[in-house]
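These protein sequences, in sequence, are chains A and B.
This note's numbering puts the first residue of the first sequence at 1, with every later residue one more than the last.
This note's numbering puts the first residue of the second sequence at 1001, with every later residue one more than the last.
Ideal placement from N, C-alpha and C gives every residue a C-beta, glycine not left out.
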Amino acid sequence: MKILVPVKRVVDFNVQIRVKGDGSGVDLARVKMSMNPFDEIAIEEAVRLQEAGKATEVVLVSIGPAEAAETIRTGLSMGADRGILIRSEAPVEPLAVAKLLRAVVEEEGPGLIILGKQAIDDDSNQTGQMLAALLGWAQATFASKLEVDGAYFKVTREVDGGLQTVRLKGPAIVTTDLRLNEPRYATLPNIMKAKKKPIVERAADLYGVDLAPRLEVLRTTEPPGRKAGVKVKDVAELVSKLRNEAGVI
Amino acid sequence: MTTLLIAEHDHASLKDVTNKALTAAAQLGAPVDVLVAGENAGGAAEAAAKLKGVAKVLLADSPAYAHDLAEPLAALIRSLAPGYDAFVAPATSRFKNVMPRVAALLDVMQVSEIIKVVAPDTFERPIYAGNAIQTVKSRDAKKVITVRTSTFAATGDGGSAPVEAVAAAADPGLSSFVGEAVAKNNRPELSSARIIVSGGRGMRSRANFTKYLEPLADKLGAGVGASRAAVDAGYAPNDWQVGQTGKVVAPDLYIAIGISGAIQHLAGMKDSKVIVAINKDGDAPIFQVADYGLVADLYQAVPELTEELGKLGR
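This is the structure in C-alpha cells:
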C-alpha cells in the first residue's frame, strides 16, 4: 500500500503574526516559515506504518510556491520516499487543493491518504473532508490512533466529549489530531540522504482545475484588543473585584 | 431563498450551540428550516420546533444517523440541497467533520467558523489562531457555513414549527461505528459554561487538578478546561482542551490557573468577558489579556480562593 501525505508550508507556529495596516492581509515578508505542525504528524504516522511493514511507499505532495520544495525536503528527511510539488504562486483554497489532490490520487493510486486536520494559517479544517467527498472515499478526521486491519482502517477520533472509534473501508482518508504521535526530528545523515530523493515539479494549471478563489477576501484586520487589566495584591481583593466591579460571581 | 440549519443534539434534546447557530442562520435574512438527523431523535426535533423563528423542522430518524458518521450524514444533507441556498451548522467536532464533505459534494467552498454575518454573502472569520480577522465574500450560489457559536447569543423559545419526517438518504456504507469513550463529567459543558476554571502545566499532576482546581470549579458551578500542555502531560483529558486546536470558549468568567498564555491557548479564550490569571510568573503572557491578575503560588491562592467563595455562600 502506498500512502500519500499532502503537506503545507505555513508561518511557523511560534511567530506572532502582524496584520498589514492597509487591511490587505498578513505580512509574510521575512517571516519564518515551516511545515504545518499537523502535517508533520501525518508524515510521522505514514513513516511508522512503513517501518511496521504496512506500507510500501510514502509520497509527499505540496501545492505552493517554489519554496514549498523545502517543506517537502523536510518531510523526506523524516523518512518519506519522494515528493511532488505543484507550483502555484497564488494561494489555493481548500476546494481547489482537494481537486488538485484528486488528480494526484488518480495518477498515484494510494491506499491511504493522511492529512493534517487543519492548517494553522487559514484554520479552515476542510481539505481532507473535501478530498474524501470528491473521491467518494471514507473519512476519519481528528485521529488520535490509527490501525491497519486488512483492507480496513480502525481509527480513534477526538470528538467533543471524548473519543470515538470507527472502521473505514479502504482506500480511505485520515486527518491527524495532535495526540496521534510525536513527530521525529530529522537526523543529519537523513537530511543528507533526503537531498538525493526525487521531487517532481509541475505547474498547477496543467491539471485543468479552476483555481479562481470562491471566497473573495475583502479585508484583513486586527482582532479587537482587550483593555489593559490590573494586578490585584491578594485573593481577597480578587474576590472583591470579581463581585463588586465585574459582577461575575 | 431558504436556509437549512443542521442541529447539534444528543437525540433526546438539543444542544445550546444549536440555539446560537440559529441566531447566525437567521441573520442571513431567509426563512430557516432545521434538520434533526439522528436515531430516536423526536425529542430534539420537538425542542427545535419550539425555537423562535424556525419555519419547519425536518426529522431524519434512522440508525444511519445514530453515531455521527460523516458519509451518510453528508449524503442526507446533499439530498436536501435542491430546496436550500445556505447550509449552516455550529462548528462542533461533528459538523467540522461533515460540512466540508457536504460543501465538496455541492462544489462550493465552505466558510469556516464565522464570527459575524456582515451580509448574506459576507462573513467575518478568524485566521492565524485568532490573530487576524478576515472578511470574506462568497461567490458560490449555495453557501456552506460553520458558526463559531461563542460569539452569537442563543435564540430562545417562542415558535411552534411543524415537524416533518424526511427519508434517510442511501448510506454509502464506507464506514462503521466501533465504539466510544465518553468522558464522565457532571459539570457544565465547556462550550456553554458561564464560568470556566482552566489549568495549565503549572498544575503539575492530575491529582492536583482533582485536589485544587475541581473544588474551585464546583464552588462556582464552572466547567473545567485545560491548556494543551496540561492535556499532553496527562493532567487532564483531551476534551477539556481550550485553544486553537481544542475548544473555543467565551464564558462570562475565565480563570486561567498555572497557564502561561501561549498564542494557541489565547485563541481559544480571549473573547471571554472577564479573564482572571493566577500565575507565579508575573511576566507570563497571560497577564497581557487578563482583566485581573494575581501573581501568586497557585497551591496557596486556589484553596484560599475556594474558601473565600465559600464564605460568600457559593
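Residue of A/Ile114, A/Gly161, A/Ile249 minimising C-alpha distance to B/Leu1190: A/Gly161
Chain-order list of residues whose beta-carbon lies under 6 Å from that of B/Leu1220 (same chain, five-residue window excluded): Ile1195
Alpha-carbon spacing of B/Thr1122 relative to B/Ser1112, whole angstroms: 12 Å
Simplified DSSP state of A/Val200, which is helix, strand or coil: strand
Min CB distance A/Leu115 to chain B below 9 Å: no
Distance, B/Thr1146 Cα to B/Ala1207 Cα: 37 Å
C-alpha distance - B/Ile1255 paired with A/Gly53, whole-angstrom precision: 48 Å
Close Cβ partners of B/Gln1027 (< 6 Å) along its chain, the five nearest in sequence each way excluded: Val1117
Cβ-based neighbour list, B/Asp1291, same chain, cut-off 6 Å, excluding 5 preceding and 5 following: Val1274, Ile1275
Any 3 or more C-beta pairs closer than 8 Å across the stretch 1051-1062 of chain B and the stretch 1155-1170 of chain B: yes
Residues that B/Gly1130 contacts on chain A, provided the C-beta gap is smaller than 7 Å: Pro223
Meets three-Cβ-pair contact criterion under 8 Å: the stretch 1246-1261 of chain B and the stretch 1213-1229 of chain B: yes
Separation of B/Thr1149 from B/Gly1282, as counted between CA atoms: 33 Å
Member of A/Glu222, A/Tyr185, A/Leu135 whose CA lies at the smallest distance from the CA of A/Gly21: A/Glu222
Distance, A/Thr220 Cα to A/Val19 Cα: 7 Å
Three-way DSSP call (helix, strand, coil) for A/Asn125 in this model: coil
According to DSSP, residues forming a beta bridge with B/Asp1033: B/Leu1004, B/Lys1056
Interface flag, A/Val235 vs chain B, CB-CB below 9 Å: yes
A/Pro94 - containing alpha helix (DSSP H), residue span: 94-108
Beta-carbon proximity check, B/Pro1237 vs A/Asp123, cutoff 9 Å: no
DSSP three-state assignment for B/His1011, whether helix, strand or coil: coil
Nearest neighbour of A/Arg87, chosen from A/Lys154, A/Thr74, A/Leu101, A/Ile120 [CA to CA]: A/Leu101
Spatial neighbours of B/Ala1250 in its chain, beta-carbon cut-off 7 Å, leaving aside the 5 residues before and after: Ser1150, Thr1151, Asp1271, Ser1272
Which of helix, strand or coil DSSP assigns to A/Gln50: helix
Which residues DSSP lists as bridging A/Phe153, in chain order: A/Val148, A/Leu168
Coarse secondary structure for B/Lys1219, derived from DSSP in three states: helix
Contacting residues, own chain, Cβ-Cβ under 7 Å from A/Asp121 (five flanking each side not counted): Val10, Val11
Per DSSP, the bridge partner or partners of B/Gln1134: A/Thr220, B/Arg1125
6 Å CB neighbourhood of A/Gln50 in its chain, flanking five on each side removed: Val58
Minimum Cβ-Cβ distance from B/Ile1127 to chain A less than 9 Å: yes
Per-residue burial, A/Pro183 [other beta carbons within 10 Å of its own, 16 or more giving buried]: buried
Where A/Gln259 sits in the DSSP three-state scheme: Because residue 259 of chain A is not part of the residues shown, which for chain A are 1 to 249, the question remains open.
Proximal residues of chain B, C-beta to C-beta of A/Leu134 below 7 Å: Ala1104
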